[in-house]
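In the working numbering, the protein residues as written are 413 to 617.
Ideal placement from N, C-alpha and C gives every residue a C-beta, glycine not left out.
These notes are about the structure you will find just below.
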């Protein structure tokens, strides 16, 4: 008779399994699970402040304040003198959009700064595998689907940001907005069109 018990689950195990299944469904519904790989954008293409604000969904006052306080500084070109324009990279704008979403959930700037430092240190491949989870106070960095599901199931993952998904959103927004090349590129690359630069890089790669 003991052999009949093998492979059976207890009521407690069934509850845990059902709870994890619900957490998995919820994470999938929110788009928090990991998807396709993302590709790096050219480092020599920058976007002016108003464009960065448009793509990230923030005000120019926020952009200026975060630059002055070192939260997100323009990495392509800083304003070095009268009349000079700050230029933000694609990654800068990605981080700006992530910050905006975290602020919308009530996360403090202090906790956001910590999350931003991790994003800055991450490579492109790493960013595709990062989901930031928040309960409105703390920010948790997840690098696997199991970590995301555990937080959702435990109640800490009330709000999540799949960085790879935000990457795609920013990419789509910037496709219709003007950009600037810092240095002359290949002759077949169209100046001011980041997507054209990217296509040219793929063709020669």
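Identify, in the order they occur along the chain, each residue of the same chain with its Cβ nearer than 7 Å to the Cβ of residue i, setting aside the five sequence neighbours on each side.
i, result
"residue 458", "488, 489, 499, 500, 501, 591, 592, 594"
"residue 550", "523"
To the nearest angstrom, how far is it from the Cα of residue i to the Cα of residue j?
i, j, result
"residue 563", "residue 541", "16 Å"
"residue 481", "residue 584", "28 Å"
"residue 521", "residue 504", "17 Å"
"residue 567", "residue 485", "34 Å"
"residue 518", "residue 548", "5 Å"
"residue 467", "residue 538", "22 Å"
"residue 465", "residue 534", "23 Å"
"residue 472", "residue 527", "22 Å"
"residue 596", "residue 586", "In this prediction, residue 596 scores a pLDDT of 46, lower than 50, which makes its location untrustworthy; the coordinate-derived value is nonetheless stated afterwards. Distance between the alpha carbons of residue 596 and residue 586: 20 Å."
"residue 491", "residue 456", "16 Å"
"residue 476", "residue 514", "18 Å"
"residue 565", "residue 580", "27 Å"
"residue 552", "residue 479", "24 Å"
"residue 557", "residue 545", "12 Å"
"residue 588", "residue 474", "23 Å"
"residue 516", "residue 525", "15 Å"
Give me, in chain order, the residues of the same chain whose beta-carbon lies closer than 6 Å to that of residue i; leave out the 5 immediate sequence neighbours on both sides.
i, result
"residue 543", "444, 554, 560, 572, 574"
According to the Cβ coordinates, are residue i and residue j closer than 7 Å?
i, j, result
"residue 460", "residue 497", "yes"
"residue 509", "residue 578", "yes"
"residue 512", "residue 469", "yes"
Looking at the C-beta of residue i, does it have a partner C-beta in chain D at a distance below 7 Å?
i, result
"residue 527", "Chain labels in this structure do not include chain D; a single protein chain is all it has."
Within its chain, find whatever has a CB closer than 8 Å to the CB of residue i; leave out the 5 residues flanking it on each side and keep chain order.
i, result
"residue 582", "467, 468, 502, 505, 506, 509"
Taking the alpha carbon of residue i as the point to measure from, which residue in the options has its own alpha carbon closest?
i, options, result
"residue 529", "483, 545, 546, 516", "483"
Runs of 3 residues minimum, wholly inside the stretch 452-537: which ones carry the beta strand (DSSP E) assignment?
Runs of beta strand (DSSP E) with 3 or more residues, each lying fully within the stretch 452-537, are found at 457-460, listed in chain order.
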